[in-house]
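Asks: Note that my numbering gives residue 287 to position 287 of the sequence shown, counting from 1, and the numbers run on in steps of one. In this text, a Cβ means the ideal position worked out from N, Cα and C, and glycines have one as well.
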Amino acid sequence: MTQRLWQLLAVTLAIVLVAVGAVAFLVFVQQTANRPRATATPRPTAGPSPRPTGSASTSPSGVSPGASAAGTDSPGEPSPSGEPSPSGEPSPSGEPSSSEEPSASVSLEPTPRGDIGDLGYTFENVGLDDPDAADARPRAFSFFTDARGDVRVAISGTVGGSARVCLYRGRPDQVVTTPLCFEGRNGFVRSTSISGARLQWTAEVSGRTAGRGPTTDVTVAYRGREARVVATGFRFQGTEDPTRNGLVMRFTPRIDGPLLVSGTFDADGGAASDYQLTVRDLELGTDVLDESASGTSLDTNGQVEVGRDYRLELSGTQATTVEGVRVVATIVWP
1 MTQRLWQLLA VTLAIVLVAV GAVAFLVFVQ QTANRPRATA TPRPTAGPSP RPTGSASTSP
61 SGVSPGASAA GTDSPGEPSP SGEPSPSGEP SPSGEPSSSE EPSASVSLEP TPRGDIGDLG
121 YTFENVGLDD PDAADARPRA FSFFTDARGD VRVAISGTVG GSARVCLYRG RPDQVVTTPL
181 CFEGRNGFVR STSISGARLQ WTAEVSGRTA GRGPTTDVTV AYRGREARVV ATGFRFQGTE
241 DPTRNGLVMR FTPRIDGPLL VSGTFDADGG AASDYQLTVR DLELGTDVLD ESASGTSLDT
301 NGQVEVGRDY RLELSGTQAT TVEGVRVVAT IVWP
């Protein structure tokens, strides 16, 4: 091979090497450009940590959402409804008509009674209506709280069928919150007032066994200053039916002071009703009040003492009545 050919071959190889090197350089540059660049992570600066915000637990109704219902029926007598649970069902009898029964708001003006404390009362042997009866209506107990705390309503000693107890904010003709209910023979419903404002509550109790009218005890317990209850849905049915012939209530005053009892008796045609009111000191066995009269209303008072147990009974004195006399009673004690 001549020197000329060697020179041409060397030049050609040099050009090829340069081209290959250029291509390799371009590929390297392209790969480097496509790689993500590492960036320094900034360190958090020292400063105040954000405080957790409080949960919105206060409801417009002043009632805690953590309400509950519970009960224990007697052995061999299971609750018809199974396990107790909150219920939003309306009262079985619906809202009482103002034309049929005086409003539960009668005589509910504020009456401060001193310091906040535990308040309560029991209505004994409350005769309930057969739920299938045309004139069936619940027995209702309206009261006020003005302090934070539990509100509890219990039924006990139920005989002659099962009963249903419901608790809600408001009154029978103006329900504010969804009723919380228990159905059975022995049990309770409980809610909580999370407001110190004056709030009205109502407990309703009704019979639930078709063809039967049970009897039960109803106990209400709450915290507040005002010991007062308005009982509606009761009747003077005659002395031959004593559990449906008025009402019986037990209570214990927190301080010495006056007991105030008022009521209305709504008979067909506005006729007067014969009645008797007695209030007995169960410790001494003496009567604080013992009145018998005839009329369409009642308004009286007596003195009671702190720590003593009293039994108040308001009943009709007629043996029978053609139509039950509708009774509303307001009871205030110290």
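Look up D268 in the DSSP assignment and say whether it is helix, strand or coil.
Replies: D268: helix per DSSP, three-state reduction.
Asks: Between the Cα of V126 and those of G160, R169, F265, spot the shortest distance and give me the residue it belongs to.
Replies: Here the closest residue by C-alpha is G160.
Asks: Report all residues from its chain with a CB closer than 6 angstroms to the CB of S49; omit the five preceding and five following residues, and keep chain order.
Replies: Unreliable placement is indicated for S49, whose pLDDT of 37 sits below 50; no coordinate value is reported for it.
Asks: Using the beta-carbon count (16 or more within 10 Å), is D266 buried or exposed?
Replies: D266 is buried by the Cβ-count criterion.
Asks: Flag this pair as yes or no: are the beta carbons of E313 and T278 separated by less than 7 angstroms?
Replies: Cβ distance < 7 angstroms, so E313 and T278 count as in contact.
Asks: Using a Cβ cut-off of 7 angstroms (strictly closer), state whether G127 contacts chain C.
Replies: Judged by its chain identifiers, the structure shown contains no chain C, having just a single protein chain.
Asks: So V175 and C181 are in contact, right, with Cβ under 8 angstroms, and what is the actual spacing, rounded?
Replies: 12 angstroms between Cβ atoms; not a contact.
Asks: Compare the Cα-Cα distances from A136 to each of R198, T252, G213, G238 and report the closest residue.
Replies: Residue G213 is the option with its Cα nearest to A136.
Asks: Which one of A329, T192, E240, E291 has the shortest CA to CA distance from Q318?
Replies: Nearest option by C-alpha distance: E240.
Asks: If you reduce the DSSP assignment to three classes, tell me which class P368 lands in.
Replies: With the chain running from 1 to 334 in the structure shown, residue 368 is simply not present.
Asks: Check each candidate in A272, D268, G307, E124 and name the one with the smallest Cα separation from L284.
Replies: Minimum Cα distance to L284 is reached at G307.
Asks: Please state if the CB of R164 and the CB of S206 are separated by a distance shorter than 7 angstroms.
Replies: Yes. Within cutoff.
Asks: In angstroms, rounded to a whole number, what distance separates the CA positions of D274 and F251?
Replies: In a straight line, the C-alpha of D274 is about 25 angstroms away from that of F251.
Asks: For P42, which of helix, strand or coil comes out of DSSP?
Replies: Per-residue confidence for P42 stands at a pLDDT of 42, beneath the threshold of 50, marking its modelled position as unreliable; the derived number appears in the next sentence. Three-state DSSP puts P42 in coil, outside helix and strand.
Asks: In or out: A231 buried (at least 16 other Cβ within 10 Å) or exposed?
Replies: Looking at its Cβ environment, which holds 16 or more other Cβ atoms inside 10 Å, A231 is buried.
Asks: Alpha carbon to alpha carbon, how far is R185 from R280? Give it in angstroms, no decimals.
Replies: Whole-angstrom Cα-Cα distance: 28 angstroms.
Asks: How many angstroms separate the CA atom of R225 from the CA atom of L259?
Replies: Computed Cα separation, rounded: 15 angstroms.
Asks: Considering only the alpha carbon of each residue, which of E305, S162, R223 lies closest to R198?
Replies: Among E305, S162, R223, the Cα nearest to that of R198 belongs to R223.
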